[in-house]
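Please read the structure below before turning to the comments.
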Amino acid sequence: MMKRTVLSLLSASLLLGSVASHANTPAYVDSKEYKVLIDPSRFASNPSTAAATLLQNLSTRLSALGFDKTVTGNFSAGDRDTLAYYDTAKSCSLMKAGYSVRTRAGDHSDIQFKFRHPDEELSYWTDVSGAGKNKSTKLETDVTPGSLVLAHSTKQDATTTPGTVADLIKQFPGASALSSLSSSTLSKVAGVTVTQQEYDGPESDLGQSKAEFALTLWYIDGAATPALAELSFRVEADEDKYFTTPVLQRSQVLNTALGSIGNNWNIANDGGKTSWLYAYRSSTFPNGFCN
């Protein structure tokens, strides 16, 4: 693939010690994910019916925006996992430095170390390397109607949950940038566990690439109704042509639709799932995890 070839050349240059040659080299993302938080109360009684209504309302909004493609397929229940995020309680040192740590068990079993920043090159060149088995690293553009950041992450097989930053560094050598916090204890963000239910199926042809839609519901500590809902779509970079102009233009129309679905779907607070969890007021952290 073009982007992989470019990155291989960059790696070779790095091994040769030519710092100047790669300092301003552009980074190539593997995918772009566009997302928006929506009203979770709509999914309290019958998530499947609500998902169908959501998709219909989205299609209506796209027609009003003059979208020249269609969204095909329907949402159906997909992966279900238990998630937990970890950081230093009260200080939130990892989040403030741009990092996050997430474990996942269920249909998937892994741990992820991520760095997020608006600067594409800074995000790409920040080390997020892992030392575990079956590790994979990606660079992805995360887009909400009001913001854009680059997310550089590595996920690998889960072994033990890191109890301190020193434990995290053993699993992810890239976390050595946090070595000054080595003795700091890592706690569950908000003191809660999240059950994540995903729905997938709908797609839209964008030209050289396609948009794959997902609906994600979060249930806190085994609750019967979701506390968070997110609608998103992901566009993978084309192997040969990366992201063509028509693909990017159609993605922007879809993104506009996500931010203005209508029928009271959109909510005012749209900082993304992780930001939402950090702000969540639980019985353990009634003023928020960082306060």
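Under the working numbering, the final residue of the sequence shown carries the number 360; numbering is consecutive throughout.
Yeah, the Cβ is synthetic: ideal placement off N, Cα and C, and Gly gets one too.
Everything numeric in this text was worked out from a predicted model, so none of it was measured.
Nearest to residue 157 by alpha-carbon distance, out of 292, 270, 309 and 231, is 231. Judged by DSSP secondary structure, residue 193 falls within the alpha helix (DSSP H) whose first and last residues are 189-194.
When DSSP states are grouped into helix, strand and coil, residue 322 belongs to the helix group.
Leaving aside the five residues that flank residue 324 on each side, the residues in its chain whose CB is nearer than 7 angstroms to its CB run, in chain order, 103, 212 and 214. For residue 348, same chain residues with a beta-carbon under 6 angstroms away, outside a window of 5 residues either side, are 357 in chain order.
Of the candidates 359, 353, 320 and 167, 320 places its Cα closest to the Cα of residue 134. 7 angstroms or more divides the Cβ of residue 136 from the Cβ of residue 270. Going by DSSP, residue 238 is part of the alpha helix (DSSP H) stretching over 234-240. The stretch 167-181 and the stretch 222-230 touch, with three or more beta-carbon pairs separated by less than 8 angstroms. In the displayed model, residue 315 falls within a helix according to three-state DSSP. Contact annotation: the stretch 250-269 touches the stretch 284-293, with at least three C-beta pairs closer than 8 angstroms.
In the structure shown, the three-state DSSP call for residue 245 is helix.
Going by C-alpha positions, residue 117 is about 26 angstroms away from residue 305. Straight-line measurement puts the Cα of residue 308 at about 43 angstroms from the Cα of residue 159. Taking 7 angstroms as the cut-off, the beta carbon of residue 258 is found no closer than this to the beta carbon of residue 221.
Out of 175, 140 and 163, the CA that lies nearest to the CA of residue 148 is found in 175. In the three-state scheme derived from DSSP, where H, G and I count as helix and E and B as strand, residue 183 is classed as strand. Under a 10 Å Cβ-count criterion, residue 295 is classified as buried, with 16 or more other Cβ atoms of the shown protein chains found around its own Cβ.
For residue 348, the uninterrupted alpha helix (DSSP H) segment begins and ends at 342-348. Contact annotation: residue 300 and residue 140 have beta-carbon atoms that are not nearer than 7 angstroms. Within the model, the alpha-carbon separation for residue 249 versus residue 164 is close to 15 angstroms.
Close CB contacts of residue 199 within its chain, under the 6 angstroms cut and outside five residues either way in sequence, are with 223, 225 and 241 (chain order). Of the candidates 328, 318, 298 and 313, the residue whose Cα lies closest to the Cα of residue 343 is 298. A distance below 8 angstroms between beta-carbons, with the five flanking residues on each side excluded, links residue 353 to the following residues of its chain, in chain order: 259, 260 and 261.
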